[in-house]
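Working notes for the structure below.
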Amino acid sequence: MTASASSAPPPALSPAVTFEAVSRHYGAVRAVDGVDLAIAPGEFFAMLGPSGSGKTTCLRLIAGFERPSAGHIRLFGEQVEDLPPYRRGVNTVFQDYALFPHLDILENVGFGLKMRGVEAAERRRAAAEALELVKLPGYGARKPGQLSGGQRQRVALARALVNKPKVLLLDEPLGALDLKLREQMQEELKAIQKSLGVTFIFVTHDQGEALSMADRVAVFSEGKIRQIGAPEEIYNRPRTRFVADFVGSSNLLPPDFVEKRLGARRWGSLRPEQIALRPAGSGEGAPARIASVSYLGATTRLGLETAPEEGALRLHAAVPAAAATGLALGQMVEAAFAPEAIHLMEDAP
Amino acid sequence: MRSDKEGARAPLGLKIAAGLGLAFLHLPILLIFVYAFTTEERSYQWPPPGFTLKWFGVAWGRADLWEALILSLKVASLATLLAMLLGTLCAAAMSRTKFFGRESISLLIILPIALPGIVTGVALRSAFNLAEIPFSFWTLIIGHATFCVVMVYNNAVARFRRLHGSLMEAAADLGADGFQAFRYVVLPNIGTALLAGGMLAFALSFDEVIVTTFTAGQQQTLPIWMLEELVRPRQRPVTNVAAMVVALATFLPILLAYRLTRDGDQTAGAGK
Amino acid sequence: MTAAEIPQSRGLRGALSDWFWRNPGMTLFLMLLPPLLWLGIIYLGSLFALLLQSFYSIDEYSGLINREFTLKTYAELFKPANLDIILRTVTMAALVTVGSAVVAFPIAYFAARYAKGRWKAIFYLGVMLPLWSSYLVKVYAWKLILAREGILNWTFAKLHLTWLVEAWLALPIVGGNSLSVSHTGTFLVFLYVWLPYMILPIQASLERVPGNLIEAASDLGATPRQTFWNVLFPLALPGVLAGSIFTFSLTMGDYIIPQIVGTSRRFIGQAVYAHQGTAGNIPLAAAFTVAPILIMGVYLWFAKRKGAFDAL
Chain A
-8 MTASASSAPP PALSPAVTFE AVSRHYGAVR AVDGVDLAIA PGEFFAMLGP SGSGKTTCLR
52 LIAGFERPSA GHIRLFGEQV EDLPPYRRGV NTVFQDYALF PHLDILENVG FGLKMRGVEA
112 AERRRAAAEA LELVKLPGYG ARKPGQLSGG QRQRVALARA LVNKPKVLLL DEPLGALDLK
172 LREQMQEELK AIQKSLGVTF IFVTHDQGEA LSMADRVAVF SEGKIRQIGA PEEIYNRPRT
232 RFVADFVGSS NLLPPDFVEK RLGARRWGSL RPEQIALRPA GSGEGAPARI ASVSYLGATT
292 RLGLETAPEE GALRLHAAVP AAAATGLALG QMVEAAFAPE AIHLMEDAP
Chain B
10 MRSDKEGARA PLGLKIAAGL GLAFLHLPIL LIFVYAFTTE ERSYQWPPPG FTLKWFGVAW
70 GRADLWEALI LSLKVASLAT LLAMLLGTLC AAAMSRTKFF GRESISLLII LPIALPGIVT
130 GVALRSAFNL AEIPFSFWTL IIGHATFCVV MVYNNAVARF RRLHGSLMEA AADLGADGFQ
190 AFRYVVLPNI GTALLAGGML AFALSFDEVI VTTFTAGQQQ TLPIWMLEEL VRPRQRPVTN
250 VAAMVVALAT FLPILLAYRL TRDGDQTAGA GK
Chain C
65 MTAAEIPQSR GLRGALSDWF WRNPGMTLFL MLLPPLLWLG IIYLGSLFAL LLQSFYSIDE
125 YSGLINREFT LKTYAELFKP ANLDIILRTV TMAALVTVGS AVVAFPIAYF AARYAKGRWK
185 AIFYLGVMLP LWSSYLVKVY AWKLILAREG ILNWTFAKLH LTWLVEAWLA LPIVGGNSLS
245 VSHTGTFLVF LYVWLPYMIL PIQASLERVP GNLIEAASDL GATPRQTFWN VLFPLALPGV
305 LAGSIFTFSL TMGDYIIPQI VGTSRRFIGQ AVYAHQGTAG NIPLAAAFTV APILIMGVYL
365 WFAKRKGAFD AL
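Chains as they are written, first to last, in this note's numbering: chain A, -8 to 340; chain B, 10 to 281; chain C, 65 to 376.
What follows is the structure, given as structure tokens:
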């Protein structure tokens, strides 16, 4: 499946992972609250949300480290909430890697095979192959403590992949890496996923990471999924203010403002690159004052404050650098955009 | 990186005080080594009038000393085994999730060493009397295992805590059932801590005298034998020799336990 | 690549393992059961039985124990002679605690902040070895040292200071016939035997002070002396308190040291030993043990509030 597919889960007889009204409560806290979900085989699926939104708990429910308080979880059609983690055929790349400190790298990677009774020679061969896949050939004899963070991350990946899991779970796997390494790993992960065709479920709080890597993204908050869809859909057509706010840098438009332009009294969102600047008094847009200017190379990001009669909104506009030359702080301009560019959201006004 | 440890030098007064303190800790033990060779039989005369190896032979031939030593070794081994079983179970359970009553349990475990030994001793003795249990090898074991549990527990619980987060989950995730996870992940990681805890428990039991006097009845462990000699000296030079041998014998497990925990922490710490 | 089969159940062991996973509460309970049964029944049971017996009394004529609830034994405990014993023991425990804190602090301070590499190991073992060497051997060593013909008197004689020892022994309370039968001797042996228990917690709490805290203090203009008193010392206090739990408790419960090195005046431990043994007065012995239990209870509560348990 490709990134341009529709938001509906792809048709398949049994999805790789199914959540049916799954909840996980800790006392009064509803970490996961009635989640329904279907993830297709071979899909690269991201669970995105702020910390405490329930995304990690969902991952742990799939792995079997937690059990649902209510609802059912299916893996390829089979109900698994009564199966312990070691019977699920799913593998996890842990956030802190969780490499066994007493084993060397080859033994770490071969651990899952050993538990399944694969004999030593075959185990070593498969582990070495997996290490090659993650570009760490020849590291087998080292101990986890002798590797860098990025290398440990790769070992953790190899250790999971060598078992040929039905579903691979990744819990913020890139969180501890620095920016450059993270970007490199994003590409590699994506390539590995495509070449192996394994279902990847990826938990992250970084919206950029989720949007750039995943086929589909689920946005979590307060234990619920707020929106599921392809990255462009989530980015361009956020369904709620929370999603618009959390994913990307959309401008939130209050119902009053939207009603004036579209007649519908609803919350709206407007992407910064869809705002153009016009001279003050031209009457083509909403009068606004320039509150900040940041140069970002090809584009310039402007902070605008609309006039009081327009609700004194703070808007962000991303304009080509050429269009921003000569602008000064405090200068009055007009922020122009096509009314159709406003995306209406589902929240109650 | 610069820290005060590299930068500053210790003030002279502190050096002297620390040095004198260490000397204070060690000179009395060294003295034992000198007295083991003295020719003086009737008093604790210093300096010794002469030196001899004769008393080592005499001590070697003393049957009561051997019996006491063997009883002590038996009691310490069995009490340590029991304490390792109970302490490991306790540490494993306590390092899991938080649960109701956890604080009270940790208090219960340290109570046998937090309360004065005589309280434990008298309590056990009167309980044995009430229940009409005659004093035997087993009453000794019960008393010793009770205060040894905490040694094993203390050593194991820190190591367990490091394990119980994602390492246990990783094992289950990779297909290890509970028993496999214990064998291939838990045991290799807590093994040295358990061994160190066991050795300390052994040393504690081997040396214990207060609880022992209350639970031993007529039996003589090595410390009870020593105590008898201290209160009513029969053959002072033999006591001197026994004291030296005991001092030497306790050094070895301590040195070994030190090496074990130090190396263990290095490998375990390297995982993070 | 084909997805692996979900591993199948593996016989009895697998079934048991699955059961543990499905019943985590029960698993926890089963793990805790043996140690809790042991400590709860054998240890706490004995302790409560002992406390119970302190409410019995002994018949003065027959010497038999009268199993009726009474406070008579506690009235006995508060007789001046017995109160004297408790007071003497607590005073000794307090003095030993203060004394060992004073001697321990420089050692711990040096080991924690200045000793490195090999010296660090030497200091560590230098404390661990005496801590773990035989208690009776240590007491015995002091019997040798304090003996009239022993090394201490010999040293003082060589230094022509025998008069000093004699003047000290002539003092009331701390003095006596010789060092080995005086409270001074008892104090010295207690101090020696429990000293390592004080050093280790202080050292541990000092080692937890991050190096940049010291740098921050000097950055803010504190002299080394000010840094010590305003930063290091307050942070080391929980360690001192943790150590004092040991020195205090151990001194209060000991009956061997004052028996071997000391006067004929009794300490709590000796009183308990004598009452439960030859006198057969278990109720009074039990009542005597209540004193250290109560004192340690209050002490532990106080120490816990001050954060000493974290320094253990």
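Cβ atoms here follow ideal geometry from the backbone N, Cα and C, with glycine treated the same way.
In this structure, the straight-line span from the alpha carbon of I142 of chain B to that of L120 of chain B is close to 24 Å.
For N242 of chain A, no alpha helix (DSSP H) segment is defined; the enclosing uninterrupted segment is the beta strand (DSSP E) at 242 to 244.
When secondary structure is reduced to three states using DSSP, Y77 of chain A falls in the helix class. Collapsing the DSSP output to three states places M336 of chain A in coil. Membership of K215 of chain A in the beta strand (DSSP E) is indicated by the continuous run 215 to 220.
Counting along the chain, the unbroken beta strand (DSSP E) around G62 of chain A starts and ends at 61 to 66.
In the three-state DSSP reduction, Q322 of chain A falls in the coil class, being neither helix nor strand. Apart from the 5 residues on each side of it in sequence, V166 of chain B sits with its Cβ closer than 7 Å to the Cβ of A100, M103, S104 in its chain, given in chain order.
Linking V13 of chain A to W85 of chain C through their CA atoms gives a straight-line distance of about 20 Å. Around the Cβ of S164 of chain C, a 10 Å sphere holds 16 or more other Cβ atoms; the residue is buried. Separation of A251 of chain B and W234 of chain B (C-alpha to C-alpha, rounded to the nearest whole angstrom) is 10 Å. Between T201 of chain B and L269 of chain B, the gap from beta carbon to beta carbon is short of 8 Å. In the structure shown, the three-state DSSP call for L195 of chain C is helix.
Distance between F233 of chain A and L28 of chain A, taken at the CA atoms: about 19 Å. Only P32, G55, R58 from the stretch 30 to 64 of chain A bring a Cβ to less than 9 Å from some Cβ of chain C. Taking a beta-carbon distance threshold of 8 Å, A89 of chain A counts as an interface residue toward chain B. When the beta-carbon positions are compared, A85 of chain B and F169 of chain B stay at least 8 Å from each other. When DSSP states are grouped into helix, strand and coil, F65 of chain B belongs to the helix group. Put simply, of A:T83, A:A89, A:F67, A:R58 the residue whose alpha carbon is nearest the alpha carbon of L74 of chain A is A:R58.
For the options A:A303, A:S260, A:Q265, the alpha carbon positioned closest to that of I281 of chain A is the one of A:A303. In the pairwise beta carbon analysis, the stretch 131 to 139 of chain B is classified as touching the stretch 109 to 124 of chain C: at least three pairs are separated by under 8 Å. Contact check between the stretch 238 to 248 of chain C and the stretch 320 to 339 of chain C: three or more CB pairs, one atom from each, fall below 8 Å, which counts as touching.
Interface residue (Cβ-Cβ distance to chain C less than 8 Å): P75 of chain A is classified as such. The stretch 31 to 42 of chain B and the stretch 226 to 240 of chain B do not touch, with fewer than 3 CB-CB distances between them shorter than 8 Å. Taking a C-beta distance under 8 Å as the contact criterion, I53 of chain A and I192 of chain A qualify as a contact pair.
Using beta-carbon distances, R86 of chain C counts as an interface residue toward chain A, with a partner under 8 Å. The Cβ atoms of S269 of chain C and A256 of chain B do not sit closer than 8 Å to each other. Within the stretch 135 to 177 of chain C, no run of beta strand (DSSP E) reaches 3 residues while sitting entirely inside it. Membership of E76 of chain B in the alpha helix (DSSP H) is indicated by the continuous run 72 to 103.
The DSSP assignment places 170 to 187, 198 to 204 as complete runs of the alpha helix (DSSP H) inside the stretch 145 to 215 of chain A, in order along the chain (cut-off: 4 residues). Taken in chain order, the complete alpha helix (DSSP H) segments of 4 residues or longer contained in the stretch 104 to 172 of chain B are 111 to 123, 126 to 139, 146 to 172. The C-alpha of Q177 of chain A lies about 25 Å from the C-alpha of G103 of chain A.
Annotated three-state conformation of S269 of chain C is helix, per DSSP. No Cβ-Cβ contact shorter than 8 Å links V210 of chain A with P222 of chain A. Counting the other CB atoms within 10 Å of its CB gives G68 of chain A a total below 16, which places it among the exposed residues. Nearest Cα to I237 of chain C within the set C:L92, C:R152, C:M95, C:K136: C:R152.
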